[in-house]
Amino acid sequence: MQKRKVLFINDSLWSGSGVFRSMLQILKHIAYEKYDVTLFIIPDGPVEQVMCEQIPPEVNLVIGRDDRHYYRSPKVAVCYLASKTASALHMKKTAKLLRRKTRGIIRKKRNRTPAETYFASERFDVLIANTIPCCSPVGRYIRADKKYVVYHSSRADFFPEETKEAFSYYDGVVAVSEGVRKILEEAYPENRDRIETITNYVDAEDLLRKAAEQDGPPSSNLPVLCTCGRISHEKGFDLAVEAAWILKEKGFSFIWYFVGDGSERPRIEDMIEKYGLSEDIRITGFLPNPYPYIASCDIYVQSSYEEAQPLAVMEAGILGKAIVSTETVGGRTILNDGEFGILTSISAEGLAQGIETLLLSPERRAALGNRYSAADNLKEKQAFAQSWDRLLSE
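Note that numbering that gives the first Met the number 0 gives residue 298 to position 299 of the sequence shown, counting from 1, and the numbers run on in steps of one.
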């Protein structure tokens with residue numbers, strides 16, 4: 000039987016990317032006796048060797064390089080020079096429109112580059128673009144019989160124009176949770192029949208192995224909290240700092256590890272200093288393997304403003320942690336509206352109250368931490384593999 004040709008497109012090979020880690024699980028659960036799989040990393044995406052090594056050997060990895068000089072093309076050059084002329088003549092509105100047009104032409108040419116450079120003579124049975132907006136415009140120009148795009152955001156207004164375009168030239172949109180699906184259905188009711196859910200999956204066996212690979216933080220007599228992720232606005236580390244201050248004001252003692260790095264780190268460090276929490280909150284920076292820290296904590300805290308299907312919360316559940324999460328789309332879905340953890344308002348006060356509840360109740364912490372079983376993970380694994388096999392075989 001001839002194998003079906005499948006192309007995945009992703010915009011990075013960065014270990015801090017939850018989007019890539021979710022796709023890695025797809026690649027690990029594909030039936031390679033049925034599929035000939037290529038993974039294309041779009042030009043200029045960051046590439047880490049440690050992530051390349053985790054990709055199954057059956058996958059043909061193509062890392063794009065884009066060294067085209069777009070400003071040398073006649074159309075771009077004319078637009079660019081016209082914008083410069085308009086600017087020199089103080090025609091601000093015209094100059095702004097011409098600059099936007101120049102960027103649009105370059106963007107379109109750049110999106111076409113993979114189709115023309117790497118896949119000009121190829122046609123795939125199925126193409127999976129793993130993000131909007133980075134991957135979906137690239138996949139538009141690559142030939143495939145079926146095309147799908149994966150939606151990882153909990154917001155319907157996440158690049159709405161690009162999402163509308165994706166609906167027009169892709170055969171379907173894959174939501175990473177039922178909560179995300181509902182949001183898409185409400186925002187794009189005319190495309191309701193083209194949206195389906197394949198929930199993100201975390202491999203428990205692999206996770207437990209990584210958690211045991213090395214030591215976590217030093218042992219402490221104080222309760223240990225942990226929050227893991229990119230230190231950016233949407234992850235709500237500012238809420239976590241303010242919640243820590245509220246708890247300290249109430250007389251609670253703890254150690255709270257922020258495991259991650261990102262553009263907001265200097266601001267978060269300033270907040271920690273301002274609130275006098277330098278002994279209570281410790282930022283580890285980016286760790287390739289954060290799981291020993293999650294495994295060592297008493298309470299895992301997800302402080303995000305928005306989440307579609309947070310892998311870190313799923314991982315904390317598998318590692319047997321009691322979880323406090325803000326009431327994002329992903330938080331509600333994974334914690335089953337509060338049955339499997341504490342859901343709070345998206346506020347520092349809400350987070351502090353949720354943490355306080357678990358700090359005062361070791362029994363409830365233990366009960367919440369023991370709710371996940373190997374049977375649960377096996378069932379999820381089978382459903383995940385079957386769903387993707389069905390999609391790729393249609």
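Backbone N, C-alpha and C fix where the C-beta goes; we use that ideal spot for every residue, glycine too.
Every value quoted in this text rests on a predicted model; they were computed, and no experiment measured them.
Where residue i sits in the DSSP three-state scheme
i, result
"Phe257", "strand"
"Ser16", "coil"
"Tyr150", "strand"
"Ile54", "coil"
"Asp388", "helix"
"Arg111", "helix"
"Ala365", "helix"
"Thr226", "strand"
"Glu393", "coil"
"Ile29", "coil"
"Glu306", "coil"
"Ala211", "coil"
"Lys163", "helix"
"Val328", "helix"
"Asp237", "helix"
"Gln94", "According to the sequence as given, residue 94 is Ala; it is not Gln. Correct three-state label for Ala94: helix."
"Asp144", "strand"
"Gly316", "helix"
"Arg122", "coil"
"Gly349", "helix"
"Phe383", "helix"
"Tyr187", "coil"
Buried or exposed by the 16-neighbour rule on C-beta atoms within 10 Å, applied to residue i
i, result
"Lys320", "buried"
"Ser252", "exposed"
"Val223", "buried"
"Asp279", "buried"
"Ala373", "exposed"
"Glu241", "buried"
"Tyr256", "buried"
"Asn369", "exposed"
"Arg229", "buried"
"Glu362", "exposed"
"Leu183", "buried"
"Thr101", "buried"
"Asp297", "buried"
"Gln301", "buried"
"Arg364", "buried"
"Pro136", "buried"
"Thr116", "exposed"
"Gly329", "buried"
"Gly275", "exposed"
"Glu248", "exposed"
"Glu263", "buried"
"Asp10", "buried"
"Gly250", "exposed"
"Ala143", "buried"
"Tyr31", "exposed"
"Gly284", "exposed"
Same chain only: Cβ atoms within 7 Å of residue i, ignoring 5 sequence neighbours per side
i, result
"Ser152", "Ala307"
"Leu310", "Gly17, Arg20, Ser21, Asn199, Val201"
"Arg154", "Glu305"
"Ile271", "Val240, Ser277, Ile280"
"Tyr140", "Asn110, Arg111, Ala114"
"Leu97", "Cys78, Ala81, Ser82, Ala85"
"Ala243", "Trp255, Leu276, Asp279, Ile280"
Cβ-based neighbour list, residue i, same chain, cut-off 6 Å, excluding 5 preceding and 5 following
i, result
"Val175", "His151, Asn199, Ala307, Gln308"
"Lys145", "Val125, Asp170"
"Val149", "Asn129, Val173"
"Gly353", "Val323, Ile341, Thr343"
"Lys234", "Gly228, Ser303"
"Thr93", "Ala85"
"Arg3", "Tyr34, Asp124"
"Ala203", "Ile317, Asn376"
Paired residues, beta bridge with residue i - DSSP
i, result
"Phe7", "Leu38, Ile127"
"Val323", "Val300, Ile341"
"Ile62", "Ile40"
"Glu195", "Val173"
"Val46", "Leu12"
"Gly284", "Val258, Gly259"
Other residues of its chain near residue i: CB distance less than 8 Å, five sequence neighbours each side excluded
i, result
"Glu268", "Ile282"
"Pro206", "Checking the sequence shown, residue 206 turns out to be Leu, not Pro. Tyr290, Glu314, Ile317, Leu318."
"Leu26", "Phe7, Val36, Leu38, Ile54, Pro55, Val58"
"Phe166", "Val172, Tyr187, Asn190, Arg193"
"Leu238", "Ser302, Tyr304, Thr325, Ile345, Ser346, Ala347, Leu350"
"Val61", "Thr37, Leu38, Phe39, Ile40, Tyr117"
"Lys163", "Tyr187"
Residue i Cβ short of 7 Å to the ligand MN heavy atom set
i, result
"Ser302", "With respect to the ligand MN, the structure offers nothing, as it holds no ligand at all."
Cβ contact (3+ pairs, closer than 8 Å) linking the stretch 195-215 and the stretch 378-391
Yes, the stretch 195-215 is in contact with the stretch 378-391.
Does the stretch 279-298 come close enough to the stretch 210-217 to have 3 or more Cβ pairs within less than 8 Å?
Segments in contact, yes.
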